[in-house]
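Enquirer: Once you've had a glance at the structure underneath, I'll fire off some questions.
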Amino acid sequence: MTLRADNVHVWRGARHVLRGVSFELRAGELLHVVGPNGAGKTTLLRVACGLLQPEEGAVHWCEQNIRQARTTFQSALAYAAHEAGLKADLTALENLHFSVGLRRSIDRQELMEYLERTDATDIANLPVRVLSAGQKRRVAMARVLACKVPLWLLDEPFSNLDDGAMKRTTELLEDHVRLGGAAVVVAHHGLALGSRRQLRLDA
Amino acid sequence: MTLRADNVHVWRGARHVLRGVSFELRAGELLHVVGPNGAGKTTLLRVACGLLQPEEGAVHWCEQNIRQARTTFQSALAYAAHEAGLKADLTALENLHFSVGLRRSIDRQELMEYLERTDATDIANLPVRVLSAGQKRRVAMARVLACKVPLWLLDEPFSNLDDGAMKRTTELLEDHVRLGGAAVVVAHHGLALGSRRQLRLDA
Amino acid sequence: MTWAWFHRLASPPHAYRLVTGLGPWLYAASAPLIAYGLFAGLFIAPPDYQQGDAFRIIYVHAPCAWLSLSAYTIMATAGTVALIWRIKIGHAVAAACAPIGASFTIGALVTGSLWGRPMWGTYWAWDPRLTSELILLFLYFGVMSLRQAFDDPARGDRAAAVLGLVGVINVPIIHFSVQWWNSLHQGATVTAFAKPTMPASMLAPLLGALLGFMMFFAAVLCTRLRAEVLMRERQANWIKEMLSP
Amino acid sequence: MHLILSRELRLSFRRPDQLAQPLAFFLIVTTLFPLAMNPQLPVLRQIAPGVLWVGALLSSLLAVEGMFRADAEDGTLEQMALSGHDLSFIVTARTLAHWLISGVALVLASPVMAAALNVPTSAFGLIMASLALGTLTLSWLGAIGAALTVGLKRGSVLLSIIVLPLAMPLLIFGANATDRAISGEDVSGPMYLLGALCLFTTTLAPFAGAAALRITLE
Amino acid sequence: MHLILSRELRLSFRRPDQLAQPLAFFLIVTTLFPLAMNPQLPVLRQIAPGVLWVGALLSSLLAVEGMFRADAEDGTLEQMALSGHDLSFIVTARTLAHWLISGVALVLASPVMAAALNVPTSAFGLIMASLALGTLTLSWLGAIGAALTVGLKRGSVLLSIIVLPLAMPLLIFGANATDRAISGEDVSGPMYLLGALCLFTTTLAPFAGAAALRITLE
Ligand code: HEM
Ligand SMILES: Nc1ncnc2c1ncn2[C@@H]1O[C@H](COP(=O)(O)OP(=O)(O)OP(=O)(O)O)[C@@H](O)[C@H]1O
Ligand SMILES: Nc1ncnc2c1ncn2[C@@H]1O[C@H](COP(=O)(O)OP(=O)(O)OP(=O)(O)O)[C@@H](O)[C@H]1O
Ligand SMILES: [Mg+2]
Ligand SMILES: [Mg+2]
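See below:
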C-alpha cells in the first residue's frame, strides 16, 4: 500500500506550477508538504487524489496508475480541501451522513462518535451556514475520520482551529499513522509531529 | 479617536453568543481577541463594525453611538473577514481598484504599491479564482492597507499565510499601530506582537 | 503497429509540414473550379423554367450549406479523436474548423434568405431547415466561446470537443429536416443514389462549384491549422529550431 | 444512488426555492401570456403548445443552471467525485433528482396551465405525457451544459447558448405533439420521436456529463 | 454617486455574463415562440406584445436575481456596505448599472425581435420607448425584491412572489401600449401610466432597497 508520484508536471495558465515533483509514501508514514504561498501544494494534493491530470508524470497507488484504477483508489482516500466542502443548508450531521454514506453505510450513532472525537458534538444539529470557521473545520475533520480509509490528504487541517483543537487533530493524525495509515499533510505551521518526512516545494 | 463597546449581548438562534462583552480601544493600541472556536470572535467583530446590531449594549466611536454615525464610522474602518471578499472573476488589481475606489479615488500605480507591501505583485493581474488560499489573503490584506483608515478589524489575518507573509503582516500591523492607528485582531496563534491588550472570550 | 503512420502524421511537426506543403496546391486547385462553377452557373446554364434567373444563387448557396454541415462533422470528429486518443493535433484541427464552418453557415443563411425573397416572398420564415441551420450557427458559436472561456487552453479544447460531439446530432436533423417536416425548403436535388433531377447543364457547374468550395475549405483549413499549430507549440523545440536556422 | 437522491430532495426541501423556482417560472410564463395579450380564446388555444413548451424549456434551463454550480462552489462536488463512485453515476443521480424536483412538479402543474389556455380536457393526458418525456430530456441536456460550464466566467450565458440548440428539436417535436393532442389528431408520430430523444439522451448524457465534469473539475 | 455608478458599470462590463445573459434570455424566449408554434404570420403579430413583454419581464427578473446574491456570498456586499456610503446610494448605483446593462441591451435588441414577429416597422419606436420605461421600472422593483431576499433561504421564490404582483400592472399597460402601437392606435394613455409607474418606483425604491439590505445583511 504505497502512494508514489513520479516526476509530476503541471502547468496552470502560463505558470509551470509543479516542476517534476516526486515522492513515495508507505503505510505508517506521514508526508509533510511545505512551501510558500502559491508554491503548488494544493495543486499537488489535487493531483495526488486524481482530481487533476498532470500534463507529465503519473501517480501510482499500489503500483497501479491511478488513471486506470481511479475508483478503487479514490475509495481508499479521504481529501480535506481548503474549504470544508459542506452544504450550508444541511446540518453538520446530515452533511456527514451524506458524504460518508456515499462510501459506506453508516448510522447517526457512529457519526456522533466521530464528531465526538473532534469536539463537535454540540454543533452536530446546527445548519453548517451558522457554524464558525473553526467549527466547520472540525466537521470536515470528522468526515475524514468517518471515512475509515488508509490514505488521508489534508490541506491545512489546522487553519482556523484553536489550540485545543489543533492538539486534538495532531493526536488524531498520530493515531492514524501509528495504526498503519498514510497521510499527506499540507501545513505552514503547527505540525508538531515526530515520525514524518518533509517535501518542500518552492514558488 | 476611541472605539468602545459596552456590555454587548448577542443571541444567535438559541445561543447566547456574546454575554456582556466590553472593551475600549484607543489610537495606537491593538486589541488581540482570543477564545476557542465558536466563542463569538467573528460575531464580535461584526458587531464592532456595525454589520450586526447587538440585542443589548452599544458600540461607540469617538463617543458617538455608531448607529447614529454609521457612515462616518464605517468610512474610518477596514474589515477583513474570514473569506477574502473578492470577486472570483476579477483580477486582484481590479478587485482592489473597485473596492478601495468606493472609498477614495486611487490609481493602479498606488494600488500596486500596496500589493507590493504584501508581496502580491506577481499575481496582481490573475483572476482571483485561480489564486491560492494564501494569495487571496494577501490581496485582502492589501485592500486593508489601501483603504488608509485609522481602524482595522482583522479576522484571523494569518490563516493560510506562509511564515514570510506572517512576519510581513505582523510588521504591517506594528507600523499601523505605531503610526497612531488602532486594530482589533482575532488570531488563535502567531500574533507575536509587543504592545497589545488581550480580550478573552469563552465558549 | 498499423497505426504508427497515423501517429507520426498526427505529430505536430509532421502535420505542420504537411499542411504547409498542401495549402498552396489546394488554393491553386480551388480557384479554377470555383471560377468555372460560378461562371458556367451564372452565365452559361439555362434559366430555370419556373424560377428564372433567381435559381442561380444555388451555385453559392448549396455549396456553402453543404460545407457548413461537413465542416461541423469534421470538427466534431477531430475533437472526438483528440479527446479519446489524446492526439493534440485533433484539437488544433477542431479549433481551426469552427470559424470556417461558422462563416459557411452564415453564407448559407445569407444566400438562402436572399433566395427566399423571390421564392417565398420573405427573407426569413420559421421553417425547420432554416431554423436548424440557424441553430447550427449557434452551435458553432457555443463551441467557439466555450473554448475561449477556459483559463488554460488544454481544458478548453477538451470541453469544446465534448460539446462538439454532443452537438453532432443536429447535423442529420438539418439534413433530413426537409423530409421530416413539410418544409418550405426544397428537398435534395443532388444525391449520390437517385438520378439527378437537374439537367446536366445546370448540374455540372453546381458540382464544379461544390468541388471548388471544398478545395477552398481544405485550403483555408490548412492555413488556419498552421497558425493554430504555431500558436500551440510555441514553446516546443522543433518550432524554435525551425524558426532559427 | 438513493443517497444522492435523498440528499438532493432534502436539500431542495430545505431550500424550497430550488423546488419552486422552475415551477414559478413555468407558471409565470404561462399565466402572463393570457394576461399580456387581451386574449381571444381561439388564439389562446392556438398558441398553447408554444407557451407550454417554451415555459418548460425556460424553467428547466433556469433550474439546471445551479445544478452543479452550487456544489462546485462549496466543494461538495469534489467530495462526490472522490467518493469512489463513477462520475457518470453521480451525474445520473444528480440529474434524476433534478428532474424529480423541477420536472415532475412542472408536469403536475401543466394541466392547470393548459386549462388556463383553454385546452380541451381530453388533451391533458397526452400533454402531461409529452411534457414528462420532454422535461426529462431537458434535464439530461441541461446536465451536459451545466457540467461543461460549471465554474466558468460566462457560465450562465454559455449554458443557454449550449443547451438551446440541443433542445431545439425537442421543442419542435414537443410542441407538435401538443398541437396534435389539442386538435385531437394522432400524436403517435411525435410521441415516438420524443420517446426516442429521451432514450437517446438518457443513455448518452451520463457519460458526456461525466466527461465534461472531469474536465471542468480540474 | 456617478463615481459608484461608473465603477459598477466597469465591474459589470468585466463580467460579460451580467451583460449578455438577460439579452440572451430575451432572444431565446422571443425566438422560441415562433419556432414552437407552426406560425401563421397574423397570429405571430397578434401575440407579439405578449412575447416581447413576457420576455422582458422574465429576463430582467432573472438578471435581478443575482443582483445582490453573488456579492453577498463572496462577501463583497459586506465590503460595499462598509465603504462609508449610504446604502441607498449603493442600491441606486447597482440598479441603474443593472438597468443600463440588461435593460438597455434588451431595448436595443427589441426591434430585431419585433421584426422576427413581423411587427410593422412603424411601431418600433413606440415599442422601444415603452420597453425602456418598463425595464427601468422592473429593475427598481427587482432591486427591492433582491435586497429583501438576499441571504434568505427562500430567496428566489420570494423574489418572484414579491416582484410579480408589483410587475403585473406594468405588464398589462406595457403589452397594451405595444398592442396599440402595432395596430397603430393612440398609445398616450398606457404610455403615461408607464411613465408614472417608472417615476414612482424611481423615487421610492432606493430607500426601500437600502432598508431591506440593512436588515438582511445582519
Ligand atoms: C435562409 C434560408 C435558407 C437556409 C438557411 C437554407 C439552408 C440550406 C441547407 C442547410 C442546405 C444543405 C442541405 C443538406 O446538405 O442536406 C441547403 C441546400 C439547398 N437549398 Fe437552401 N436554405 C435556405 C433557402 C433556400 C431557398 C430560398 C432555396 C430555393 C428555393 C434553397 C434551395 C436549396 C437547394 C436547391 C439546396 C440543395 C439541395 C440539396 O441537394 O440538398 N434554399 N439549404
Ligand atoms: N490559470 C492560472 N494562471 C496563472 N497562474 C495560475 C493559474 N492557476 C493557478 N495558478 C497559480 O498556481 C499556483 C497554485 O498554487 P496552489 O493553490 O497549489 O498554492 P498553494 O501551495 O496551495 O498555496 P497556499 O499555501 O496559498 O494554499 C498559484 O501560484 C496560482 O497563482
Ligand atoms: N442560528 C444559530 N443557532 C445556534 N448557534 C449559532 C447560530 N448562529 C451562530 N451560532 C453560534 O454562534 C457562534 C458564532 O461564533 P463565531 O463565528 O463568532 O465564532 P468564532 O469565535 O469566530 O469562532 P472561530 O474561531 O471558529 O472563527 C458559533 O458557536 C455558532 O455555532
Ligand atoms: Mg493551498
Ligand atoms: Mg471566526
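Protein chains in written order, with this note's numbering: chain A, 925 to 1127; chain B, 925 to 1127; chain C, 16 to 260; chain D, 78 to 295; chain E, 78 to 295. Note that CB positions come from ideal geometry on N, CA and C, so glycine has one too. Values in this document were obtained by computation on a predicted structure and should not be read as measured data.
(1) With a threshold of 16 other CB atoms inside 10 Å of the CB of Q998(A), please say whether the residue is buried or exposed.
(2) Using a 10 Å radius around the Cβ and a threshold of 16 neighbouring Cβ atoms, would you call E980(A) buried or exposed?
(3) Comparing the CB of A1057(B) with every heavy atom of ligand 5, is any distance shorter than 7 Å?
(4) Counting only beta-carbon atoms, is R231(E) nearer than 8 Å to chain B?
(5) Flag W130(C) as yes when its Cβ comes closer than 7 Å to any non-hydrogen atom of ligand 1, and as no otherwise.
(6) Would you say H1021(B) and Q1122(B) are within 8 Å of each other, going by their C-beta atoms?
(7) Roughly how many whole angstroms lie between the Cα atoms of I124(E) and S260(E)?
(8) Give me the Cα-Cα distance between R950(B) and A1048(A), rounded to the nearest whole angstrom.
(9) May I ask you to report which of helix, strand or coil DSSP gives N989(B)?
(10) On the CB-based measure, 16 or more other CB atoms within 10 Å of its CB, does A273(D) come out buried or exposed?
(11) Three or more beta-carbon pairs under 8 Å between the region 932-944 of chain A and the region 989-1009 of chain A, yes or no?
(12) Please indicate yes or no: does the CB of L144(C) lie closer than 7 Å to some heavy atom of ligand 1?
(13) Kindly identify the DSSP beta-bridge partner or partners of R1121(A).
(14) Would you say D1087(A) touches ligand 3, meaning its beta carbon is less than 7 Å from a heavy atom?
(15) Take every Cβ of the region 1056-1076 of chain A, pair it with every Cβ of the region 1027-1041 of chain A, and state whether three or more of those distances are shorter than 8 Å.
(16) Please confirm whether T967(A) has its beta-carbon closer than 8 Å to some beta-carbon of chain D.
(17) Pull out every residue of the region 942-973 of chain A whose Cβ sits closer than 8 Å to any Cβ of chain C, in chain order.
(18) Buried or exposed, going by whether 16 or more other CB atoms sit within 10 Å of the CB of A207(C)?
(19) Count the other C-beta atoms from every protein chain shown that fall within 10 angstroms of the C-beta of N185(C), then say buried if there are 16 or more, exposed otherwise.
(20) Going along the chain, which residues of its own chain have a beta-carbon closer than 6 Å to the beta-carbon of G171(C), five neighbours each way excluded?
(21) Less than 8 Å between the beta carbons of L218(E) and T293(E), yes or no?
(22) May I ask you to list, following chain order, the residues of the region 1001-1016 of chain A that have a beta carbon less than 9 Å from some beta carbon of chain D?
(23) Check the Cβ-Cβ distances between E295(D) and every residue of chain C, and say whether any is below 8 Å.
(24) For a contact defined as C-beta to C-beta under 7 Å, what are the partners of G937(A) on chain C?
(25) Of all the beta strand (DSSP E) runs that stay within the bounds of the region 995-1061 of chain B, which reach a length of 3 or more residues?
(26) Would you call W985(A) buried or exposed, if buried means 16 or more other Cβ atoms sit within 10 Å of its Cβ?
(27) Does ligand 7 have even one heavy atom less than 7 Å from the beta-carbon of K1060(A)?
(28) Does any CB atom of chain D fall closer than 8 Å to the CB of M16(C)?
(29) From the beta carbon of V184(E), is the nearest beta carbon of chain D less than 8 Å away?
(30) Among the residues of its own chain, which have a CB less than 6 Å from the CB of G122(C), if the five just before and after it don't count?
(31) Are the Cβ atoms of I189(C) and S147(C) separated by less than 8 Å?
(32) Along the beta strand (DSSP E) that carries N931(B), what are the first and last residues, could you check?
(33) Going along the region 131-147 of chain C in order, which residues come within less than 8 Å of chain E, judged by CB to CB distance?
(34) Answer yes or no: does any C-beta atom of chain E fall closer than 8 Å to that of Q123(D)?
(35) Can you pull the chain A residues whose beta carbon is under 8 Å from the beta carbon of S160(D), in chain order?
(36) Check the Cβ-Cβ distances between G152(D) and every residue of chain A, and say whether any is below 8 Å.
Expert: Short version:
(1) A buried status is given to Q998(A), since no fewer than 16 other beta-carbon atoms sit within 10 Å of its beta-carbon.
(2) Burial call: exposed.
(3) no
(4) Residue placement at R231(E) is poorly supported in this model, since its pLDDT is 47, which falls under 50; the coordinates still yield a value, given next. So, not an interface residue.
(5) yes
(6) no
(7) 12 Å
(8) 40 Å
(9) strand
(10) exposed
(11) Counting Cβ pairs under 8 Å, fewer than three are found: no touch.
(12) The amino acid at residue 144(C) is misidentified as Leu; the sequence shows Arg. Under cutoff, so the answer is yes.
(13) L955(A)
(14) no
(15) yes
(16) no
(17) none
(18) Note that A207(C) scores 46 on pLDDT, short of 50, meaning its location in the model is unreliable and no value can be drawn from it.
(19) The residue in question, N185(C), is buried, as its Cβ has 16 or more Cβ neighbours within 10 Å.
(20) Its chain contains R162, F165 as the residues whose beta carbon lies nearer than 6 Å to that of G171(C), once the 5 sequence neighbours on both sides are disregarded; these appear in chain order.
(21) no
(22) L1001, A1002, Y1003, A1005, H1006, E1007, A1008, G1009, L1010, K1011, A1012, D1013, L1014
(23) yes
(24) D166, D167
(25) Correct list: 1001-1004.
(26) buried
(27) Within the structure as shown, ligand 7 is missing, the only ligands being ligand 1, ligand 2, ligand 3, ligand 4 and ligand 5.
(28) Model confidence at M16(C) stands at a pLDDT of 48, short of 50, so the residue's coordinates are unreliable and nothing is read from them.
(29) no
(30) C79
(31) yes
(32) Where N931(B) is concerned, the enclosing beta strand (DSSP E) stretches over 927-936.
(33) W139, W141, T146
(34) yes
(35) Under the 8 Å cutoff, chain A gives Q998, S999, S1023, L1026, R1027.
(36) Using beta-carbon distances, G152(D) counts as an interface residue toward chain A, with a partner under 8 Å.
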